[in-house]
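To keep things clear, I will list the structure first and then write my remarks on it.
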Amino acid sequence: MEKKQKERKGHLVLVPCPLPSHMSPMLHLAKLLHSQGFSITVIHTQLNSPNQSHYPEFSFESIGGSMLESYSAFDGDVMLFLSELNMKCETPFHDCLIKMQLCSQYNPISCIIYDSVMYFSAAVADDLQILRIVLRTSSAANYIGLSILDENDCHSTQECRLEEPVAGFPFLRMKDMPLFSTQKHTRKVLTCIYNGTKTASAIIWNSLWCLEHALFEKIEDETLVPVFPIGPLQRYSSNFSTDVLSEEQSCMAWLDKQAQSSVVYVSTGSVITMSKDELLEMAWGLANSDQPFLWVVRDCLVNGSDGVEQLPREFHESTRSRCRIASWLPQQKVLAHRSIGCFFTHNGWNSTIESIAEGVPMLCWPRVGDQRVNARFVSHVWRVGLQLEDRLLREEIDRAIRTLFVDEEGIQIQKQAKELKKKVEISLRQEGASSDFFGRLVKYIRLQETMISLSNA
Ligand code: UDP
1 MEKKQKERKG
11 HLVLVPCPLP
21 SHMSPMLHLA
31 KLLHSQGFSI
41 TVIHTQLNSP
51 NQSHYPEFSF
61 ESIGGSMLES
71 YSAFDGDVML
81 FLSELNMKCE
91 TPFHDCLIKM
101 QLCSQYNPIS
111 CIIYDSVMYF
121 SAAVADDLQI
131 LRIVLRTSSA
141 ANYIGLSILD
151 ENDCHSTQEC
161 RLEEPVAGFP
171 FLRMKDMPLF
181 STQKHTRKVL
191 TCIYNGTKTA
201 SAIIWNSLWC
211 LEHALFEKIE
221 DETLVPVFPI
231 GPLQRYSSNF
241 STDVLSEEQS
251 CMAWLDKQAQ
261 SSVVYVSTGS
271 VITMSKDELL
281 EMAWGLANSD
291 QPFLWVVRDC
301 LVNGSDGVEQ
311 LPREFHESTR
321 SRCRIASWLP
331 QQKVLAHRSI
341 GCFFTHNGWN
351 STIESIAEGV
361 PMLCWPRVGD
371 QRVNARFVSH
381 VWRVGLQLED
391 RLLREEIDRA
401 IRTLFVDEEG
411 IQIQKQAKEL
421 KKKVEISLRQ
431 EGASSDFFGR
441 LVKYIRLQET
451 MISLSNA
């Protein structure tokens, strides 16, 4: 560890959230910052701890012990999980930082960069008077949604007038806000995330200026802190690693045999579950559309049990020649394949920007949290997809897929998706907006370090 730390200038402590879709953007950010000469310490819990052998250049500190059970112990209630996580991590994190400050192997800590859902980090950093910067792994639209819920004193679906338009954002309805159906922990957790974001010294965003510049300007005006939209972070690294290699290889070989832009790729991310009725509507909607499709059915997708076993024999028989089902796939690699023509998605933020970055039109079926506001932006602002309403119906799926592949509306959406892909590519070039913001972020941290060392001198 001595070598990892001492030769480098500036020591950043990164606090990722253990949920897989949050962990990966933070680790991509860690790699980027390491490439700029910073030493990196990643704080992790026992749950979903990163594979340290993939990151020999970083130091790792555990604050978890065995206190966190698996995510599934929380019955899919992400708010309850986050509430427990934040409660249980605060003291161990505080102790860990004190230990690091006393340990001669570590350079002094320049800055803590924490995932906004790990809001306990804010209190600890403030207590120890360490600079803190927050990473938002979701859209700026989601943050605006949180601020709207806060203003309207409304955090759960039970409390909101769902069909009402949102003041100042005529294309948004209250039901597009990042709402959750549970009430118990939602308000407290969302308020903590919102407060832990707006009080940070700066905000890093896994999003792009070209997608959300008007919102970034508004947020900067309101929070008076600099924002750094440097996404999509996953595009800086070509790491398509997966644990299910044989499944992956056979699906990629199958994709190679499909016609250009013909396949519907279907995935609902790493967390959400669905009912058996929804699974069947999805299955028959896909079957009736006549398009080939590649479907990720996670092992516990259908209320915790195996979805594939619940699909009827007639479905398998009628789709055998044009369907593949897998339990997990290297999504970015799939989306980049020339045969993919549409992504049927739940609009988690990672999936949304991965699809935008590959120019793939979306069929949106958002469920909770930020997925709704992301889907509304996809369909009504960026115009790169169509949104299905809450209740999943096979006729609607079939109709929407045909619209996306055949109708004039679908052709326009396909064109717009290709245009947006070009903008993302430009943003990632050396002189593009995301690269420019990353350069500014590095300068910002270096300047803060200098100011702190001058004030300590
Ligand atoms: N993903 C993947 N393989 C799959 C399904 C999903 O690699 O078969 C990845 C996907 O590329 C994305 C993440 O899992 O980076 C899902 O994140 P997102 O924010 O879209 O949704 P969440 O899982 O948080 O609901």
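For the sequence shown, UniProt numbering gives the first residue as 1, with consecutive numbering after it.
C-beta: ideal position from N, C-alpha, C; glycine also.
On a predicted model such as this, the values are computed, not experimentally measured, just so you know.
Item                                                                                                     : Value
Terminal residues of the alpha helix (DSSP H) in which glutamate 61 lies                                 : Where glutamate 61 is concerned, there is no enclosing alpha helix (DSSP H), although the beta strand (DSSP E) it sits in stretches over 59-62.
Cysteine 154 in three-state terms, based on DSSP                                                         : coil
Nearest residue (CA-CA) to serine 139, options Glu419, Cys300, Pro25 and Cys342                          : Pro25
Residue of Pro56, Gln36, Phe60 and Gly37 minimising C-alpha distance to threonine 45                     : Phe60
Inter-residue spacing [alpha-carbon to alpha-carbon] between histidine 11 and histidine 185              : 34 Å
Where arginine 338 falls, given that 16 or more other Cβ within 10 Å makes a residue buried              : exposed
Strand pairing of cysteine 210, partner residues [DSSP]                                                  : Partner(s): none; cysteine 210 has no beta bridge.
In DSSP terms, what phenylalanine 216 is bridged to                                                      : Its beta-bridge partners do not exist; DSSP assigns none.
Status (buried if at least 16 other CB within 10 Å, exposed otherwise) for alanine 171                   : Note on residue identity: the sequence assigns phenylalanine, not alanine, to residue 171. With fewer than 16 Cβ atoms within 10 Å of its Cβ, phenylalanine 171 is classed as exposed.
beta-carbon glutamate 278 near ligand 1 non-hydrogen atom, thresh 8 Å                                    : no
Distance between proline 20 and valine 225 (C-alpha atoms, nearest Å)                                    : 28 Å
For valine 134 and phenylalanine 38, the rounded distance between their alpha carbons                    : 17 Å
Under the three-state DSSP convention, the category isoleucine 340 falls into                            : strand
With 16 other Cβ atoms within 10 Å as the buried cut-off, status of asparagine 350                       : buried
Exposure of arginine 161, with buried meaning 16 or more beta-carbon neighbours within 10 Å              : exposed
Alpha-carbon to alpha-carbon, aspartate 370 and leucine 388                                              : 16 Å
Entirely enclosed beta strand (DSSP E) segments - the stretch 257-312, minimum 3 residues                : 263-267 and 293-296
Touching by the beta-carbon criterion (3+ pairs, under 8 Å), the stretch 407-426 and the stretch 194-202 : no
Valine 117 beta carbon near ligand 1 (any heavy atom closer than 8 Å)                                    : no
Valine 271: CB within 8 Å of a non-hydrogen atom of ligand 1                                             : yes
DSSP three-state assignment for valine 406, whether helix, strand or coil                                : coil
Inter-stretch contact at 8 Å, needing at least 3 Cβ pairs: the stretch 278-295 / the stretch 386-404     : yes
Inter-residue CB distance, proline 178 and asparagine 142 (contact presumed, cutoff 8 Å)                 : 5 Å
Contact test: proline 18 Cβ vs ligand 1 heavy atom, cutoff 8 Å                                           : no
Beta carbon of histidine 22 nearer than 9 Å to that of valine 117                                        : yes
Sub-9 Å separation of lysine 421 and isoleucine 356 beta-carbons                                         : yes
For cysteine 160, three-class secondary structure by DSSP                                                : coil
Distance, glutamine 249 Cα to phenylalanine 240 Cα                                                       : Because the pLDDT at phenylalanine 240 is just 43, under 50, the model does not fix this residue reliably, and the point stays unresolved.
Buried/exposed call for aspartate 243, threshold 16 Cβ in 10 Å                                           : Since pLDDT at aspartate 243 reaches only 48, below the 50 mark, its modelled position is unreliable, and the value read off the structure follows with that caveat. The residue in question, aspartate 243, is exposed, as its Cβ has fewer than 16 Cβ neighbours within 10 Å.
Rounded straight-line distance, which links the Cα of isoleucine 43 to that of alanine 433               : 29 Å
Assigned exposure category for glycine 168 - 16 Cβ within 10 Å defines buried                            : exposed
Alpha-carbon to alpha-carbon, glutamate 217 and glutamate 425                                            : 22 Å
Delimiting residues of the alpha helix (DSSP H) encompassing glutamine 331                               : 331-335
Contact check, leucine 149 vs leucine 190, beta carbons under 9 Å                                        : yes
DSSP beta-bridge partners of glycine 385                                                                 : Met362
Sub-9 Å separation of valine 302 and threonine 273 beta-carbons                                          : yes
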